[in-house]
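Step one of this worksheet: look at the structure below.
Numbering (the numbering used here), first residue to last: 246 to 528.
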């Protein structure tokens with residue numbers, strides 16, 4: 246049995262004992278380690294996966310809406326093939342093909358399958374995003390997003406929302422476990438393109454977001470930004486700011502993503518604090 250499945254089963258067994266009642270254990274360390282650790286990890290990983298998908302679409306498609314090429318090939322990974330379909334000069338869709346045999350993305354994430362981006366108006370401000378046979382970081386992801394460019398400059402500020410995303414995985418016995426995302430809303434604001442001494446240029450964004458997730462056992466959890474969060478494209482992670490993590494009938498914890506430094510906080514390690522105790526979660 247893989248580690249994801251084991252954690253999920255332990256999470257499910259524990260929730261049976263605490264559902265519809267508040268946890269009254271006397272040891273705060275037990276609360277954070279036994280109650281918050283597994284659901285918080287899944288919530289943070291799923292939220293981060295959505296940000297990775299959205300950021301890759303923004304980098305590949307929105308930064309190239311004015312191209313005359315039929316295949317986008319500017320500053321993207323060789324394993325990604327984004328093909329533009331047109332009627333005359335009008336863009337009907339952009340199909341981003343990440344392939345089926347390798348895990349890749351433009352910013353180094355682990356993607357497979359296709360993302361279809363379709364403009365919903367002629368001025369190329371609003372888009373529907375659909376996922377086809379798509380796998381992100383080990384999860385089968387189904388559904389789609391609404392993507393809206395804010396302002397006149399594509400590739401910079403934008404907002405995203407969805408009520409139709411599911412993250413699933415199967416254990417060794419092919420039992421499918423599904424996390425449903427009934428709500429995700431986020432606003433992304435471009436800050437800068439940062440040159441560091443680690444030989445890459447990183448696009449930095451501030452974002453505010455709110456996500457609700459239903460776990461396979463029906464428990465509700467949510468993650469809401471308390472401050473502006475900092476997302477670094479090449480880090481593939483949120484690297485700064487704080488958010489509130491809430492678990493149904495249990496309580497709330499504070500997530501600290503770090504100080505927003507692309508050198509010091511690019512390791513994908515965040516902390517979750519609840520009931521006076523803190524754990525680390527790897528994204």
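Backbone N, C-alpha and C fix where the C-beta goes; we use that ideal spot for every residue, glycine too.
Boundaries (first-last residue) of the beta strand (DSSP E) holding residue 295 | Careful: residue 295 lies outside any beta strand (DSSP E), inside the alpha helix (DSSP H) at 282-305.
Along the chain, which unbroken stretches of the beta strand (DSSP E) at least 3 residues long are found entirely within the region 373-406?
-> 384-394
Go through the region 413-496 residue by residue and report every complete run of the beta strand (DSSP E) that reaches 3 residues or more, in order.
-> Whole beta strand (DSSP E) segments, 3+ residues: 421-440, 446-459, 465-470, 474-477 and 482-492.
Indicate whether the contact test is met: 3 or more Cβ pairs, each with one atom in the region 327-342 and one in the region 299-317, closer than 8 Å.
-> yes
In the DSSP assignment, find the unbroken beta strand (DSSP E) run with residue 361 in it and report its ends.
-> Following the DSSP letters along the chain, one finds residue 361 inside the beta strand (DSSP E) bounded by residues 356-364.
Separation of residue 292 from residue 501, as counted between CA atoms | 14 Å
Can you give the Cα-Cα distance for residue 484 and residue 365, rounded to whole angstroms?
-> 32 Å
Per DSSP, what kind of secondary structure is residue 501 in: helix, strand or coil?
-> strand
Does DSSP put residue 518 in a helix, a strand or coil?
-> strand
Taking residue 296 as the reference, which of 394, 359 and 429 has the closest Cα?
-> 429
Under 7 Å between the Cβ atoms of residue 448 and residue 478?
-> yes
Give me the Cα-Cα distance between residue 392 and residue 374, rounded to the nearest whole angstrom.
-> 7 Å
Cα-Cα separation, residue 456 to residue 474 | In a straight line, the C-alpha of residue 456 is about 14 Å away from that of residue 474.
With a threshold of 16 other CB atoms inside 10 Å of the CB of residue 421, please say whether the residue is buried or exposed.
-> exposed
Best match in 480, 498, 523 and 518 for proximity to residue 507 [C-alpha to C-alpha] | 480
For residue 378, I'd like the list of residues in its chain whose CB is within less than 7 Å of its CB, leaving aside the five on either flank, ordered along the chain.
-> 358 and 359
Note down the Cα distance separating residue 416 from residue 387, rounded to an integer number of angstroms.
-> Distance between the alpha carbons of residue 416 and residue 387 is about 18 Å.
So what does residue 326 bridge to, in DSSP terms?
-> 342
Leaving aside the five residues before and after residue 395 along the sequence, list all residues of the same chain whose C-beta is less than 7 Å from its C-beta, in chain order.
-> 402, 403 and 404
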